[in-house]
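The sequence shown begins at 8 in the numbering used here and counts up one residue at a time.
Think of the CB as a built atom: it goes at the ideal place given N, C-alpha and C, for glycine as much as any other residue.
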Amino acid sequence: MPNLVLVNPKIPPNTGNIARTCAATQTPLHLVGPLGFEISDRYLKRAGLDYWPYVIWNYHDSIETFQTVSRAEGGRWIGFSTRGRQSYTKFSFRSNDWLLFGSETEGLSPETLDECDESVFIPMFEPRVRSLNLSVSAALGLFESLRQLGKLG
């Protein structure tokens, strides 16, 4: 099963929505700090509804801490970014991939994107739209990965 990773998320409802998606798919969620909110934030909890007990999640206080943990477990870092090298639909996902998404305002930093083993983008057709919503992007990436891995039934 892939892991979904949010690096420095800022908006609690986005993280709550993603947590709910992870609960539904039993995909481990990793939150990499610093976060733009407190874990106890009411908007985060409201967006996740009463599904938080079903979320498999971990908090890492920095990208360095996360790197130590994830590299020890193995698997590739797949960075989702508007600066990605290929479309996420043309990329071949593996079951032990780490799907990394950056903050709503900045995306993945250039340094973090450089650390990724691969990078992908989600196609957009209007050049004046800079990016998609984080929770939408995470769901698209996760479900494409699960589809390719034959996990959607």
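Anticipated Cβ contact below 8 Å, residue i with residue j, distance rounded
i, j, result
"P130", "S94", "6 Å"
"N15", "L42", "7 Å"
"F98", "V127", "5 Å"
"A145", "F108", "5 Å"
"A31", "W64", "The Cβ separation is near 14 Å, so there is no contact."
"Y66", "L106", "Going by Cβ atoms, the distance from Y66 to L106 rounds to 17 Å, so no, they are not a contact pair."
"T75", "K17", "Actually they are not in contact, since the Cβ atoms of T75 and K17 sit about 24 Å apart, beyond 8 Å."
"M8", "S102", "6 Å"
For residue i, the nearest candidate out of the options (CA to CA)
i, options, result
"Y61", "W84, I46, L36 and S47", "L36"
"L13", "A30, T96 and S142", "S142"
"F44", "L156, T96, S110 and G82", "S110"
"D124", "S47, R27, N65 and R83", "R83"
"R78", "L153, N10, G148 and S152", "N10"
"G165", "G81, E71, L115 and I63", "Coverage of the chain is limited to positions 8 through 160, which leaves residue 165 absent and any answer about it impossible."
"D121", "L106, R135 and G86", "G86"
"T72", "Q155, T112, T119 and R135", "T119"
"Q33", "S47, Y58, G40 and R49", "Y58"
"G40", "D68, S152 and N103", "D68"
"R53", "G81, T28, I70 and N24", "N24"
"R49", "C29, P19 and T28", "P19"
"D104", "R135, L156, P117 and P134", "L156"
Coarse secondary structure for residue i, derived from DSSP in three states
i, result
"L153", "helix"
"F128", "strand"
"E47", "Inspection of the sequence shows that residue 47 is occupied by Ser rather than by Glu. Note: S47 maps to coil in three-state DSSP."
"F73", "helix"
"S144", "helix"
"G23", "helix"
"L120", "helix"
"Y66", "strand"
Test: residue i CB closer than 8 Å to a CB of chain D
i, result
"Y95", "In the structure shown, chain D does not exist; there is a single protein chain."
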